[in-house]
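These notes concern the structure reproduced below.
Chains as they are written, first to last, in our numbering: chain H, 9 to 252; chain E, 165 to 396; chain S, 73 to 300.
Here it is, written out as structure tokens:
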């Protein structure tokens with residue numbers, strides 16, 4: 009579903025991603041873990057077609073980026089750090105707008121469904137401006153799944169959510185996963201990630217350093233796995249630096 | 165002093181210097197003193213030549229900009245910025261020399277004549293270009309926006325000129341149609357024309373030399389940044 | 073092909089509708105532009121000692137200066153809305169042609185400035201006892217604003233991504249907009265002075281040329297302004 013080979017992303021002379029390889033099969037739920045500044049957001053922005061790769065191959069559902077971006081965009085939902093919503097429109101109007109942009113069929117029915125899923129049915133006529141951070145995040149997730157995308161990308165979706173909202177989000181994500189959709193989610197919350205994902209990839213120093221399937225992971229072993237990978241990667245880098 | 169410069173560039177340095185000296189000698193020794201305006205007319209040779217270099221700079225910048233948008237290469241960004249910096253300086257010289265000429269010819273330092281006005285607006289366009297670049301951190305975006313703005317600015321120049329031209333002009337039109345109402349017009353003798361053309365050539369060579377230096381400087385800057393990154 | 077056109081039009085309308093609906097609710101942008109316009113006219117009143125029965129040439133200049141200043145205010149705000157909650161990313165993620173987004177924003181911005189003009193013109197007429205309801209003048213306002221707003225929308229998309237975003241737009245926009253502003257002022261005063269059409273026509277041609285050239289260029293370069 010997602011195929012990335014030797015992806016390099018540079019901002020000017022700063023190298024963020026240095027030859028990243030990443031493959032996801034349809035229906036997988038991948039949690040992308042890694043320290044701050046590892047390039048997780050940059051990587052998701054490239055997958056979402058918002059940012060162009062400097063070098064390397066990226067293809068999603070058979071559409072090659074950046075050439076066939078519109079093919080990718082049609083089949084992709086993206087939840088970013090920002091809600092991507094208009095404060096002066098109501099919850100319903102926001103979804104109406106994005107639904108039209110994506111050409112969603114039976115839009116009004118779909119909007120009701122999505123609002124129900126994210127638990128905002130009672131707030132559908134309220135302005136997004138007065139929404140709390142958590143409610144904005146709920147609607148942002150609704151916006152991302154409105155056109156029923158095959159691939160859902162989430163950039164730390166749990167940040168700033170209370171327990172209820174987190175539970176709601178997990179519910180929505182499970183529903184999406186059950187329907188065979190592919191999900192890539194970055195997270196700092198290892199416990200939540202361990203709960204949801206079927207695969208854990210650790211991004212550090214611009215590369216995927218390790219990848220493990222949830223079945224291969226010992227009980228409560230994610231934190232240990234994460235720590236060893238990060239320290240190994242850092243160790244390898246310092247050895248490299250010492251040699252050169 | 166010229167260490168590390170490519171041979172061709174060193175050669176070009178000396179050629180520029182030689183031609184500049186020759187041009188000055190021609191202006192003061194070869195070209196006759198103009199009968200009506202007197203010695204002040206001599207400023208005209210360098211005035212037109214600097215204005216020409218200004219426009220040449222903006223032309224190079226727009227070509228670099230288009231090339232950059234087609235295929236992003238760092239060098240195209242560097243040459244675009246280099247050309248605009250040089251263009252700004254030379255057009256400013258042209259405005260000042262024009263003003264020095266305008267004083268005896270038209271009796272005023274400044275007139276709202278189309279060319280003078282357009283030239284000052286062009287200066288503002290490219291100062292805005294520099295401010296735009298200053299406001300953007302990401303080097304790729306800076307290069308892209310610079311390219312786009314260089315293109316927009318360049319396209320606006322002829323339209324600005326036409327719009328101001330539709331107001332009446334008092335600028336002397338030297339080549340082509342002679343407007344009898346224009347003051348300060350004069351006929352060029354062959355030796356004047358030769359001097360004029362030689363000045364144009366000299367300044368074009370000077371432009372090429374400076375552009376080369378400025379591009380090299382940009383590339384060196386880039387290398388320093390890269391080395392700093394690696395050192396981290 | 074027809075499908076592509078229909079999805080283009082659908083996206084275009086969606087963007088325009090979204091901007092107008094949001095604005096009709098908050099009225100932040102319009103009220104700011106409007107109050108600002110009236111203040112500018114007030115300042116010109118003292119700066120130029122405009123009498124009632126102000127001269128037509130001055131009127132045209134004051135009107136266009138007002139539109140230009142109020143325009144940058146509106147353009148800045150309209151693009152800041154897209155940047156605030158990351159909405160520009162939301163627009164770019166949609167599987168629609170970028171030009172639909174650009175023209176949607178530009179048309180919405182044009183609606184805003186024309187709405188301001190609709191209110192400013194009668195107010196000015198009353199204040200300075202001058203009939204501004206000349207069909208030609210209305211035409212010039214529509215044509216001139218179009219060019220101004222197209223360039224302004226493009227530049228505001230650049231300015232909003234810069235560190236110095238609020239102060240940058242007028243600096244970028246004014247030197248490039250000079251031809252259309254000069255031509256619009258001259259054409260407007262031509263109509264107000266009831267000059268023969270042949271004297272106004274060169275100015276109208278210039279505005280039309282500016283509109284066509286910059287719509288075409290903006291169409292070509294907008295991708296480079298919004299994409300990373």
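The C-beta atom is built at its ideal place from N, Cα and C for all residues, glycine as well.
query: Cutoff 8 Å: residue 235/S Cβ touching any chain E Cβ; result: yes
query: Residue closest to residue 30/H, alpha-carbon to alpha-carbon, out of 148/H, 45/H, 13/H; result: 13/H
query: Under 8 Å between C-beta atoms of residue 136/H and residue 99/H; result: yes
query: Beta-bridge pairing of residue 98/H - partner residues as DSSP gives them; result: 135/H
query: Burial state of residue 177/S, where buried means 16 or more other Cβ atoms lie within 10 Å; result: buried
query: Inter-residue spacing [alpha-carbon to alpha-carbon] between residue 393/E and residue 16/H; result: 16 Å
query: Where residue 232/S meets chain E, residues with beta-carbon distance less than 7 Å; result: Per Cβ cutoff of 7 Å: no residues; residue 232/S is ~11 Å from chain E at best.
query: Cutoff 8 Å: residue 104/S Cβ touching any chain H Cβ; result: no
query: Start-to-end residues for the alpha helix (DSSP H) that takes in residue 29/H; result: From DSSP, residue 29/H is part of no alpha helix (DSSP H) but of the beta strand (DSSP E) over 22 to 32.
query: Spatially closest choice to residue 293/E from 282/S, 248/S, 160/S, 161/S, by CA coordinates; result: 248/S
query: Whole alpha helix (DSSP H) elements within the region 231 to 271 of chain E, 4-residue minimum; result: 238 to 270
query: C-alpha gap between residue 99/S and residue 195/S, whole angstroms; result: 20 Å
query: As assigned by DSSP and simplified to three states, the class of residue 124/H; result: helix
query: Inter-stretch contact (C-beta, 8 Å, three-pair minimum) for the region 179 to 195 of chain H and the region 39 to 50 of chain H; result: yes
query: Whole-angstrom C-beta distance between residue 82/S and residue 111/H, which should lie under 8 Å; result: 6 Å
query: Cβ pair residue 272/H, residue 34/H closer than 8 Å; result: Nothing can be reported for residue 272/H, as the shown portion of chain H is limited to 9 through 252.
query: Under the three-state DSSP convention, the category residue 201/H falls into; result: helix
query: Interface flag, residue 299/E vs chain S, CB-CB below 8 Å; result: yes
query: Residue 159/H to residue 139/H span [Cα, whole Å]; result: 27 Å
query: Residues of the region 127 to 159 of chain S whose Cβ lies closer than 7 Å to any Cβ of chain E, in chain order; result: none
query: Cβ-Cβ separation, residue 310/E to residue 236/S (assumed contact under 8 Å), whole Å; result: So it is not a contact: roughly 15 Å between Cβ atoms.
query: The region 361 to 373 of chain E touching the region 125 to 135 of chain S, judged by at least three CB pairs closer than 8 Å; result: no
query: Local conformation of residue 190/H per DSSP, three classes; result: strand
query: 8 Å CB neighbourhood of residue 329/E in its chain, flanking five on each side removed; result: 278
query: Limits of the beta strand (DSSP E) - the one that residue 163/H falls within; result: 159 to 163
query: Residue burial classification, residue 258/S (beta-carbon count within 10 angstroms, cutoff 16); result: buried
query: 8 Å CB neighbourhood of residue 287/E in its chain, flanking five on each side removed; result: 252, 255, 256, 259
query: Range of the contiguous alpha helix (DSSP H) that encloses residue 296/S; result: 269 to 298
query: Residue 190/S classed as buried or exposed, judged by whether at least 16 other C-beta atoms fall within 10 angstroms; result: exposed
query: Neighbour-count burial assignment, residue 104/H, 16 or more Cβ in a 10 Å radius; result: buried
query: Classification of residue 124/H by the beta-carbon crowding that lies within 10 angstroms, buried from 16 upward; result: exposed
query: Assigned secondary structure, residue 334/E (DSSP; H/G/I helix, E/B strand, else coil); result: A caution first: residue 334/E carries a pLDDT of 46, below 50, which makes its placement in the model unreliable, though a value can still be read off. DSSP places residue 334/E in coil when its eight states are reduced to three.
query: Residue 85/H, enclosing beta strand (DSSP E) - first and last residue; result: 84 to 87
query: Interface flag, residue 309/E vs chain S, CB-CB below 8 Å; result: yes
query: Bridge partners - residue 13/H, DSSP secondary structure assignment; result: 65/H
query: CA-to-CA distance, residue 246/E to residue 373/E, given in whole angstroms; result: 12 Å
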